[in-house]
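Visitor:
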Amino acid sequence: MALLVFPTESLAPALKALLDPSLRQAVANRVNEAILGSQGARREARIRNLVRLRAWAEQKARASNKNIPANLSLGLDADADEMDSMNTNGNSDGDVMVQ
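For the sequence shown, our numbering assigns the number 72 to the initial residue and increments by one for each residue that follows.
1) Flag this pair as yes or no: are the beta carbons of Leu121 and Arg113 separated by less than 8 angstroms?
2) How about Leu147 and Glu129: are their beta carbons less than 8 angstroms apart?
3) Note down, in chain order, each residue of its chain lying with its Cβ closer than 7 angstroms to the Cβ of Gly161, except the 5 sequence neighbours on either side.
4) DSSP three-state call for Leu107: helix, strand or coil?
5) Quick one: what's got a C-beta closer than 6 angstroms to Arg123's C-beta in the same chain, skipping five residues either side?
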């Protein structure tokens with residue numbers, strides 16, 4: 072393993088582009104998709120699809136002028152007491168349900 076340290080101002084534009092974090096992220100995503108595809112696994116995590124679905128639903132609700140809070144909690148920080156107090160439709164007393 073090696074660590075190279077040099078000033079980025081003196082790099083040629085072609086080399087400077089190689090150090091761009093967005094390029095590294097794009098390459099990492101493509102490599103991960105290729106690995107998952109070769110193993111017969113899903114190319115994209117299911118949680119990503121759920122996040123997209125939630126964002127789409129929030130956007131549609133706001134577009135139809137539903138009264139929903141600006142920031143909706145994901146409920147990931149709920150403790151055991153909150154989980155026990157959930158009612159039959161799966162919403163805790165503090166959650167907002169858009170109908």
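Even for Gly, the Cβ is constructed at its ideal location relative to N, Cα and C. Keep in mind it's a predicted model, so treat the numbers as computed, not measured.
Guide: Checking against the coordinates, here is how it stands:
1) The residue given as residue 121 occupies position 50 in the sequence shown. The residue given as residue 113 occupies position 42 in the sequence shown. No, they are not a contact pair.
2) For the purposes of this step, residue 147 is identified with residue 76 of the sequence shown, where counting begins at 1. For the purposes of this step, residue 129 is identified with residue 58 of the sequence shown, where counting begins at 1. No, the pair does not count as a contact, with Cβ atoms beyond the cut-off.
3) Position 90 of the sequence shown holds residue 161. Note that Gly161 scores a pLDDT of 49, beneath 50, so its modelled location is shaky; the value from the coordinates is reported in the next line. A distance below 7 angstroms between beta-carbons, with the five flanking residues on each side excluded, links Gly161 to no residue of its chain.
4) For this step, residue 107 is matched to residue 36 along the sequence shown. Leu107 falls in the helix class under three-state DSSP.
5) Here residue 123 is taken as the residue at index 52 of the sequence shown, counted from 1. Cβ within range, chain order: n/a, list empty.
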